[in-house]
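J.: Below is a structure I'd like to ask you about.
In the numbering used here, the protein residues as written are -14 to 119.
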């Protein structure tokens, strides 16, 4: 699967909150598909690293599924984390490097906007820009 590894401090943000963001921002109801891209590498999956994370993921999927947010059933799977392979350099920070390209404007930007509007309370405040004055 194409995946994002999220490193977080559970004292700052709960795993279930991260799962909620995933299930809200990405469509978790399409099997082996994200947008126009299809294939098993585009499946919706949560990789857990502990029994507590597994339980939290399953409970959050159930909660979001029951909320009526999505018309179709959630097909996101929950699987044990085994390993992570870092993408090639040209894939890293893709949005940052290509934000004006069509895919970024049509697919990534709306997801970022949805995350920022739906989960503002979970987002870290942007640091103030330091003044150049001495």
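We put the CB at the ideal spot given by N, CA and C, even for glycine.
What three-state label does DSSP hand residue 69 in the structure shown?
T.: Position 84 of the chain shown holds residue 69. Reduced to three states, the DSSP call for residue 69 is coil.
J.: Restricting to runs no shorter than 3 residues, where is the beta strand (DSSP E) found entirely within the stretch 0 to 72?
T.: List check, beta strand (DSSP E) in window: 30 to 33 and 62 to 65.
J.: Could you give the first and the last residue of the continuous alpha helix (DSSP H) run that contains residue 84?
T.: Against the chain shown, residue 84 aligns to sequence position 99. Residue 84 -> no alpha helix (DSSP H), and no H or E assigned at all.
J.: If you run the structure through DSSP and keep just helix, strand and coil, what is residue 187?
T.: No statement about residue 187 is possible, as the shown extent of the chain runs from -14 to 119 and does not include it.
J.: Leaving aside the five residues before and after residue 104 along the sequence, list all residues of the same chain whose C-beta is less than 6 Å from its C-beta, in chain order.
T.: Reading the chain shown from its first residue, position 119 is the one you call residue 104. The residues are 6.
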